[in-house]
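Going by the numbering used here, the letters in the sequence shown line up with residues 803 to 924, in that order.
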Amino acid sequence: MALLAELSGWLGALAVLAGYASFSLGWIANGRIFQACNLLGSAALMLNGLYHDAWPSVSLNIAWATISCVALIRALRAERSVFPGGLRAPAARAESTACEELARGGGAACSSSPHGKAEPIL
803 MALLAELSGW LGALAVLAGY ASFSLGWIAN GRIFQACNLL GSAALMLNGL
853 YHDAWPSVSL NIAWATISCV ALIRALRAER SVFPGGLRAP AARAESTACE
903 ELARGGGAAC SSSPHGKAEP IL
């Protein structure tokens with residue numbers, strides 16, 4: 803068990819450091835790879851900290867993993883909203899605002915798209 807805990811600590815440190823260095827040097831963007839390195843690294847460091855009863859380290863890595871998990875989910879959701887050809891789907895708030903402005907001007911109305919979002923009828 804001690805060997806597994808030590809290996810976990812070293813691999814976790816390597817994952818976090820590799821992600822940070824790659825991002826800082828411009829080799830990768832803030833996205834899936836960077837956040838996955840942070841998430842996996844912090845989880846491995848958390849296991850090492852638990853084994854050694856290093857509670858400040860465990861607490862830090864719980865927070866680090868939580869932040870990384872939220873950022874990773876956001877990155878994955880953003881990737882799913884990209885249409886073929888690299889076009890991004892418009893944000894729901896922008897669509898809503900456009901519909902509200904059109905309705906106030908008396909020119910157009912809005913309807914629901916097949917995706918359940920409001921879209922202006924021109």
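Beta carbons are placed, not taken as given, at the ideal position from N, Cα and C, and that holds for glycine.
Residue i versus the options, residue with shortest Cα-Cα distance
i: residue 816; options: 803, 843, 807, 831; result: 843
i: residue 860; options: 836, 813, 878, 846; result: 846
i: residue 809; options: 834, 877, 854; result: 854
Assumed close pair residue i, residue j - CB separation to whole angstroms, cut-off 8 Å
i: residue 851; j: residue 840; result: Not a contact, Cβ separation roughly 16 Å.
i: residue 848; j: residue 867; result: 7 Å
CB contact flag (residue i, residue j, <7 Å)
i: residue 883; j: residue 837; result: no
i: residue 834; j: residue 873; result: no
Contained beta strand (DSSP E) runs [length at least 3] in the stretch 819-874, N- to C-terminal order: none
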